[in-house]
Amino acid sequence: MSNSQLSTKHLLGIKYITTEDIELIFKTATEFKEVINRPIKKVPSLRDVTIANVFFENSTRTRISFELAEKRLSADVVNFSASSSSVSKGETLLDTVNNILAMKVDMVVMRHPAPGAHHFLSKHIDANIINAGDGTHEHPTQALLDAFSIREKLGEVAGKNVVIVGDILHSRVALSNIFCLQKLGAHVMVCGPATLIPKHIDKLGVQVEHDVRKALEWCDVANVLRIQLERQDIKYIPSLREYALYFGINKKMLENLEKEIVIMHPGPINRGIELTSDAADSGQSIILDQVENGVAIRMAVLYLLAGKRG
Ligand code: CP
Numbered sequence: 369m370s371n372s373q374l375s376t377k378h379l380l381g382i383k384y385i386t387t388e389d390i391e392l393i394f395k396t397a398t399e400f401k402e403v404i405n406r407p408i409k410k411v412p413s414l415r416d417v418t419i420a421n422v423f424f425e426n427s428t429r430t431r432i433s434f435e436l437a438e439k440r441l442s443a444d445v446v447n448f449s450a451s452s453s454s455v456s457k458g459e460t461l462l463d464t465v466n467n468i469l470a471m472k473v474d475m476v477v478m479r480h481p482a483p484g485a486h487h488f489l490s491k492h493i494d495a496n497i498i499n500a501g502d503g504t505h506e507h508p509t510q511a512l513l514d515a516f517s518i519r520e521k522l523g524e525v526a527g528k529n530v531v532i533v534g535d536i537l538h539s540r541v542a543l544s545n546i547f548c549l550q551k552l553g554a555h556v557m558v559c560g561p562a563t564l565i566p567k568h569i570d571k572l573g574v575q576v577e578h579d580v581r582k583a584l585e586w587c588d589v590a591n592v593l594r595i596q597l598e599r600q601d602i603k604y605i606p607s608l609r610e611y612a613l614y615f616g617i618n619k620k621m622l623e624n625l626e627k628e629i630v631i632m633h634p635g636p637i638n639r640g641i642e643l644t645s646d647a648a649d650s651g652q653s654i655i656l657d658q659v660e661n662g663v664a665i666r667m668a669v670l671y672l673l674a675g676k677r678g
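In our numbering, the protein residues as written are 369 to 678.
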């Protein structure tokens with residue numbers, strides 16, 4: 369495995385890591401991807417490390433992927449879910465995490481609905497903190513696995529046109545992807561209804577497009593996001609049916625393009641809304657490759673951050 373080190377002891381967001389960090393994570397993930405495709409998928413790298421997966425929000429992919437990554441690295445793993453914990457009795461975030469750490473936990477993987485919760489914790493506790501999604505802010509390992517999957521499919525990320533389509537306003541995946549893709553030299557566009565695109569997002573150096581057909585003509589890769597109804601306190605679109613009509617992507621639209629583009633989605637997919645099944649399951653889709661690469665990326669992040677302990 370690589371001997372180099374990350375510039376940081378936490379993974380709080382892509383904004384706070386360097387391009388060299390991303391390249392090191394990719395190099396290490398490539399080595400781990402080879403490991404997890406062997407008959408014996410386990411290495412002893414984190415045998416002396418205890419990791420707590422602390423999830424205050426629902427998750428399928430991220431949680432399973434982190435747990436699998438930790439077990440493949442031979443770490444000891446404890447899982448914490450807010451819905452079945454004493455958080456419902458009024459315990460604070462800091463008290464909850466300090467109690468977990470009192471049981472000699474070395475690393476905390478956390479998903480929390482409050483943007484910045486991980487920054488707050490990193491100032492108060494000694495363990496390595498990994499952001500598994502903080503509200504509408506960042507989801508750094510998702511962006512890393514997305515960019516890694518683009519590189520695997522297209523050879524490189526630099527110079528590629530990547531459009532992120534959908535509910536940009538409520539998406540932590542969008543912001544982390546914008547930072548990650550730009551650090552790697554891609555051109556980034558966001559596409560969606562005006563109500564779901566943050567004002568002034570162009571200040572981040574992204575193009576803005578409201579016509580999904582034009583966006584598909586422009587791009588090499590379309591990363592399609594779901595409408596996050598659970599984060600919408602008011603109505604941002606008239607109806608899901610109308611959203612599907614104007615912004616949904618189907619196989620026919622892909623076939624009408626003069627080139628073959630790559631389709632991605634972080635999951636969970638609302639089939640028939642942002643993406644029809646014939647597009648999601650087409651040969652152009654790398655959605656399940658993203659999930660597979662997620663384990664290797666998370667192994668790399670855990671392994672490299674463990675090297676920053678002490
Ligand atoms: N992509 C993603 O974060 O999925 P989960 O919410 O299932 O973890």
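Idealized CB from N, CA, C, for every residue including glycine.
DSSP places SER372 in the coil class of the three-state scheme, outside both helix and strand.
Per DSSP, the beta-bridge partners of MET557 are VAL531, GLN575. A direct Cα-to-Cα measurement between GLN652 and LEU584 gives close to 13 Å. For the options SER490, ALA482, ASN421, THR398, the alpha carbon positioned closest to that of THR376 is the one of SER490.
The C-alpha of ILE637 is placed about 12 Å away from the C-alpha of ARG429.
About 6 Å separates the Cβ atoms of SER442 and LYS410, confirming a contact at the 8 Å cut-off.
Taking a C-beta distance under 7 Å as the contact criterion, ASN545 and ILE532 qualify as a contact pair.
Taken from the Cβ of ARG429, at least one heavy atom of the ligand CP lies inside 6 Å. Three or more beta-carbon pairs separated by less than 8 Å link the region 543–561 to the region 507–525, which places the two stretches in contact.
Residues of the same chain with a CB within less than 6 Å of the CB of VAL525, apart from the 5 flanking positions on each side, are ALA515, ILE518, ARG519, LEU552, ALA554 in chain order. A heavy atom of the ligand CP is found nearer than 6 Å to the CB of PRO634. The continuous beta strand (DSSP E) containing ASN421 extends over residues 418–423. For PHE448, DSSP records a beta bridge to VAL422. With a cutoff of 7 Å on beta-carbon distance, GLY560 and GLU642 are scored as not near each other. For ILE432, the uninterrupted alpha helix (DSSP H) segment begins and ends at 429–440. Below 8 Å, too few C-beta pairs join the region 620–629 and the region 563–579 to call them touching: fewer than three. Judged by beta-carbon spacing, ALA420 lies within the 7 Å limit of VAL473, meaning their Cβ atoms are closer than that value. It is roughly 16 Å from the alpha-carbon of ASP649 to the alpha-carbon of ARG594.
The beta-carbon distance between LEU672 and THR396, rounded to whole angstroms, is 6 Å. This is short enough to meet the 8 Å contact definition.
Residue range 655–674 is occupied by the alpha helix (DSSP H) that includes GLY662. If you compare the alpha carbons of LEU392, ILE654, THR418 with that of VAL476, the shortest gap goes to THR418.
Within the same chain, and ignoring the five residues on either side of LEU549 in sequence, the residues whose Cβ sits closer than 7 Å to its Cβ are ALA515, VAL525, VAL530, VAL556. Closest in C-alpha terms to LYS528, from the list LEU379, GLU577, ASN591, HIS507, comes ASN591. Of the residues SER449, SER452, HIS486, VAL446, the one whose Cα lies closest to the Cα of LEU462 is HIS486.
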